[in-house]
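Report on one structure; see the data block that follows.
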Amino acid sequence: MILIGIFVYGFIGETIWTSMTDWGGTGALALEPQKNFVGLENYVELFTGFLGGNFRQDLVNAVYYSVMLLVGAIGLGMFIAILLDQKPKGEDVFRTIFLYPMSLSFIVTGTIWRWLLAPQGGVNVLPTYLGMKPLTFEWLSSQSAILVFNWQDILRIMVYIASFVLIMVGVFVLRKDVNRAMKRWLVPGIVLGVAVWLFGDVLPDALFMEEDHGFNMATLGIIMATVWQYAGYTMALYLAGFNGISQDLRDAAMLDGASQVGYYRFVAIPMLKPITISAVIILSHISLKMFDLVFAMTGPDNAETGHPALNMYLTTFRGNEFSKGAAIAIVLFLIAAMFIVPYLIGQYRQRGRR
Amino acid sequence: MENRKITPGTILLYGTLIVLALLFLMPAYMATVTALKMPVDIDLPTSWEFPSVINWASFSEAITLLKPNFVNSIILTICATIGSTMLGSINGYVFSKWKFKGSDIIFTLFLFGMFIPYQVILIPLFQTLRAMNLYGGLPGLILAHIVYGLPITSLIFRNFYSQIPTALIESGRLDGAGFFSIYLRIVFPLSIPGFVVTSLWQFTQIWNEFLWGICLTRHADNPITVGLANLAGGQAVSWNLPMAGSIMAAVPVLCIYIFLGRYFIRGLLAGSVKE
Numbered sequence: 000m001i002l003i004g005i006f007v008y009g010f011i012g013e014t015i016w017t018s019m020t021d022w023g024g025t026g027a028l029a030l031e032p033q034k035n036f037v038g039l040e041n042y043v044e045l046f047t048g049f050l051g052g053n054f055r056q057d058l059v060n061a062v063y064y065s066v067m068l069l070v071g072a073i074g075l076g077m078f079i080a081i082l083l084d085q086k087p088k089g090e091d092v093f094r095t096i097f098l099y100p101m102s103l104s105f106i107v108t109g110t111i112w113r114w115l116l117a118p119q120g121g122v123n124v125l126p127t128y129l130g131m132k133p134l135t136f137e138w139l140s141s142q143s144a145i146l147v148f149n150w151q152d153i154l155r156i157m158v159y160i161a162s163f164v165l166i167m168v169g170v171f172v173l174r175k176d177v178n179r180a181m182k183r184w185l186v187p188g189i190v191l192g193v194a195v196w197l198f199g200d201v202l203p204d205a206l207f208m209e210e211d212h213g214f215n216m217a218t219l220g221i222i223m224a225t226v227w228q229y230a231g232y233t234m235a236l237y238l239a240g241f242n243g244i245s246q247d248l249r250d251a252a253m254l255d256g257a258s259q260v261g262y263y264r265f266v267a268i269p270m271l272k273p274i275t276i277s278a279v280i281i282l283s284h285i286s287l288k289m290f291d292l293v294f295a296m297t298g299p300d301n302a303e304t305g306h307p308a309l310n311m312y313l314t315t316f317r318g319n320e321f322s323k324g325a326a327i328a329i330v331l332f333l334i335a336a337m338f339i340v341p342y343l344i345g346q347y348r349q350r351g352r353r
Numbered sequence: 000m001e002n003r004k005i006t007p008g009t010i011l012l013y014g015t016l017i018v019l020a021l022l023f024l025m026p027a028y029m030a031t032v033t034a035l036k037m038p039v040d041i042d043l044p045t046s047w048e049f050p051s052v053i054n055w056a057s058f059s060e061a062i063t064l065l066k067p068n069f070v071n072s073i074i075l076t077i078c079a080t081i082g083s084t085m086l087g088s089i090n091g092y093v094f095s096k097w098k099f100k101g102s103d104i105i106f107t108l109f110l111f112g113m114f115i116p117y118q119v120i121l122i123p124l125f126q127t128l129r130a131m132n133l134y135g136g137l138p139g140l141i142l143a144h145i146v147y148g149l150p151i152t153s154l155i156f157r158n159f160y161s162q163i164p165t166a167l168i169e170s171g172r173l174d175g176a177g178f179f180s181i182y183l184r185i186v187f188p189l190s191i192p193g194f195v196v197t198s199l200w201q202f203t204q205i206w207n208e209f210l211w212g213i214c215l216t217r218h219a220d221n222p223i224t225v226g227l228a229n230l231a232g233g234q235a236v237s238w239n240l241p242m243a244g245s246i247m248a249a250v251p252v253l254c255i256y257i258f259l260g261r262y263f264i265r266g267l268l269a270g271s272v273k274e
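Going line by line, the protein sequences match chains A and B.
Sequential numbering from 0 applies to the first sequence in numbering that gives the first Met the number 0.
Sequential numbering from 0 applies to the second sequence in numbering that gives the first Met the number 0.
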């Protein structure tokens, strides 16, 4: 227990401290490296500095990547789980097939998928077997990006997102409790959104020049591979959940006139909300620390598909910029903590009640 | 099982399942086919076709290249699995049967260790291991895996032990047995299934780990994932070798999965913090 104390909390503290120093450069690997306190300089550099552009692109990638992975893996996993919940013959065989990618290492997955997504082979030539033209999509090397935005506007965009979330939650609550929805969510959301729209110019620019970031099409290949690997996992989670729902409940729903679709839509999936939450937590955790797969698929040198976790490794162990690496790590950590801390507190409360 | 008639619904169901299954098997097929081809036969447009001449040489070549990594991985995985499982079992025992004040809070803080992105502790870990003269070799890596394996193993064991009736422990205590004798005489013999689940889970995790492998070991002590990444990393390499290497790196865990799948899935579900 003491070990965990030191190795987890002590080390996090140490990394925070490191991220505020200027450890790096030529003497970085000396046994007693020179470290000077520089405060938040590393963070400022990462988010607004001239050389931090790669990091910002990686961060944007990571966000798109996490969202797409969540949608893809949970969607596909749930779909397969529902299919298997119909108890087809050979369910075991199918389950084994869908789950086997989970046991593979990311490096193995990455190596194989890199070959599958090679420009003139693999997936791209599949249509020729159906008599069609081969695809020419550049899975891992495409430079084009969609949903591009200017990093200068990042503060404005973040406030917009906040107001959008408030409004969405408001609309959601509206059906249950009109009063609370208006007061707590809708009004502040709309006010915030309008305020930015009208007076957004007051917010400072994050950068002194324009810098565009977007969702790179090359990341699609990586997302495909990850969905392939993790859809089976969410499938297993949901399948266990579906099996846990009693047959009586199912029969009752059917008697009440629920169709198959209705049963899943209104009975089964809402009942498995805790499972969905678990899956979201675990998948976003995985996508945040995603390093191996990106490393194996596009190698360390492809800026288009970068990821903060990979950037951290390169900065720290190839570039010897330990303090910057630590700062990247802390940013990752904070994002992860945003998901995990509420979840763990919830778990703790649950334990306390019992 | 009731007799089912063939309806459009069942056809659709099986059709979708089969298509999906084929999609999921596609990479495995591709890896096998490519690994069995002669290097000259590997050509992008024909990459899906079955090899005209079956060439086992890629496997023997990959084995020669990756053998040291393979051996490293075996040593690493076995040592670290045993270490983290044993310690995790004792921890789980404490957290479920010897609850003390605040043990729930500590346990929650403990779980947090499972969820941190490991990048956050990488730099101090690197420094500490270097200061302990453990950097670069297998012992350091084993230590790291044991320590950071603890949260998950403790969690699995804690959930497992909470199924053991407390009355059993209490009667042991009445008979004058202490902390360790209760553990050794009562809890340990009951926990064999727990050990199977946990060690399979840990085995898979440690075998597949890459980040520490690449950051904390020197070339000679690289585990198999790093070896494979190096093998596949070069641009000019012919693809039969990495594919054969991938299959090699995948086989141990695939065997576990295929033969002990039930336990593997249980570990998977336990790993999702489902209580």
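Every residue, glycine too, gets a C-beta built ideally from N, C-alpha and C.
Note that the structure is predicted; figures quoted are calculated from it, not measured.
Taking C-beta pairs closer than 8 Å, name the residues in chain B that residue i reaches, listed in chain order.
{"i": "A/F97", "result": "L19, A20, F23"}
{"i": "A/L331", "result": "P116, Q118, V119"}
{"i": "A/F321", "result": "I122"}
Between residue i and the ligand ATP, is the CB less than 8 Å from at least one heavy atom?
{"i": "B/P116", "result": "Annotation note on the ligand ATP: not contained in the displayed structure, which lists no ligands."}
Of the residues the options, which one's Cα is nearest the Cα of residue i?
{"i": "B/A27", "options": "B/G212, B/V225, B/M247", "result": "B/M247"}
{"i": "A/G74", "options": "A/M337, A/W227, A/A325", "result": "A/W227"}
{"i": "A/R113", "options": "A/M296, A/A328, A/A230", "result": "A/M296"}
{"i": "B/S95", "options": "B/G175, B/L154, B/N132", "result": "B/L154"}
{"i": "A/D291", "options": "A/A278, A/M270, A/L313, A/S277", "result": "A/L313"}
{"i": "B/I264", "options": "A/D247, A/V279, A/L254, A/T233", "result": "A/T233"}
{"i": "B/I53", "options": "B/Y262, B/L11, B/A34", "result": "B/A34"}
{"i": "B/M242", "options": "B/A166, B/L133, B/E60, B/L16", "result": "B/E60"}
{"i": "B/G177", "options": "B/Y13, B/Q126, B/W97, B/F69", "result": "B/W97"}
{"i": "A/D250", "options": "A/V59, A/V62, A/K323, A/A267", "result": "A/A267"}
{"i": "B/G244", "options": "A/I221, A/G109, A/V164", "result": "A/G109"}
{"i": "A/Y63", "options": "A/I221, A/Q259, A/A326", "result": "A/I221"}
{"i": "B/V250", "options": "B/I105, B/I73, B/A20", "result": "B/I73"}
{"i": "B/G14", "options": "A/R55, A/Q56, A/I79, A/M270", "result": "A/I79"}
So which residues on chain A does residue i lean against when the C-beta distance must stay under 8 Å?
{"i": "B/L140", "result": "Those within 8 Å of B/L140 in chain A number zero; the least Cβ separation is about 14 Å."}
How would you list, in chain order, the residues of chain A whose beta-carbon sits under 9 Å from the beta-carbon of residue i?
{"i": "B/L227", "result": "S104, I106, V107, T110, A295"}
{"i": "B/V196", "result": "Going along chain A, no residue has its Cβ under 9 Å from B/V196, so there is no contact; the nearest lies around 14 Å."}
{"i": "B/P241", "result": "T110, I111, R113, W114"}
{"i": "B/T107", "result": "L343, I344, Q346, Y347, R350"}
Below 7 Å on C-beta distance, what does residue i contact in chain A?
{"i": "B/L16", "result": "L82, P87, F93"}
{"i": "B/S245", "result": "V107, T110, I111"}
{"i": "B/W238", "result": "W114"}
{"i": "B/L110", "result": "L343"}
{"i": "B/Y13", "result": "P87"}
{"i": "B/A30", "result": "I111"}
{"i": "B/E231", "result": "Note that residue 231 of chain B is Ala in the sequence shown here, rather than Glu. Residues of chain A passing the Cβ test: T110, A295."}
Starting from the beta carbon of residue i, find every residue of chain B whose beta carbon is closer than 9 Å, and list them in chain order.
{"i": "A/P100", "result": "F23, P26, A27"}
{"i": "A/A252", "result": "Correct list: empty, because the minimum Cβ distance to chain B is about 18 Å."}
{"i": "A/L271", "result": "Here the premise fails: no neighbours, minimum Cβ distance about 11 Å."}
In chain B, what lies closer than 7 Å to residue i by C-beta?
{"i": "A/I268", "result": "Here the premise fails: no neighbours, minimum Cβ distance about 17 Å."}
{"i": "A/K288", "result": "P116, Y117, Q118"}
{"i": "A/G324", "result": "I122"}
{"i": "A/D255", "result": "Going along chain B, no residue has its Cβ under 7 Å from A/D255, so there is no contact; the nearest lies around 21 Å."}
Is the separation between the beta-carbon of residue i and that of residue j shorter than 9 Å?
{"i": "A/Q403", "j": "B/T152", "result": "This structure does not reach residue 403 of chain A, given that chain A is present from 0 up to 353, and the question cannot be answered."}
{"i": "A/Y262", "j": "A/A252", "result": "yes"}
{"i": "B/L227", "j": "A/V107", "result": "yes"}
{"i": "B/P38", "j": "B/N239", "result": "yes"}
{"i": "B/L267", "j": "B/W200", "result": "yes"}
{"i": "A/Y237", "j": "A/G76", "result": "yes"}
{"i": "B/M29", "j": "B/W47", "result": "yes"}
{"i": "A/M289", "j": "A/A61", "result": "yes"}
{"i": "B/L75", "j": "B/H144", "result": "yes"}
Could you name the residues of the segment 104-115 of chain A whose beta carbon sits closer than 7 Å to any beta carbon of chain B, in the order they occur along the chain?
S104, F105, I106, V107, T110, I111, W112, W114, L115
Segment contact, 8 Å Cβ cut-off, at least three pairs: the segment 256-265 of chain B with the segment 96-104 of chain A
yes
Looking at C-beta atoms only, is the number of pairs between the segment 183-197 of chain B and the segment 159-171 of chain B that lie closer than 8 Å three or more?
yes
Does the segment 170-188 of chain B come close enough to the segment 100-115 of chain B to have 3 or more Cβ pairs within less than 8 Å?
no
The segment 116-123 of chain B touching the segment 204-214 of chain B, judged by at least three CB pairs closer than 8 Å:
yes
Pair every Cβ in the segment 71-88 of chain A with every Cβ in the segment 238-246 of chain A, then say whether three or more of these pairs are closer than 8 Å.
yes
Per the contact definition of three or more C-beta pairs closer than 8 Å, is the segment 131-150 of chain B in contact with the segment 80-90 of chain B?
yes
Three CB pairs or more closer than 8 Å across the segment 332-343 of chain A and the segment 276-288 of chain A
yes
Taking a Cβ distance cut-off of 9 Å, strictly less, list which residues of the segment 196-210 of chain B are near chain A, in chain order.
T203, W206, N207, E208, F209, L210
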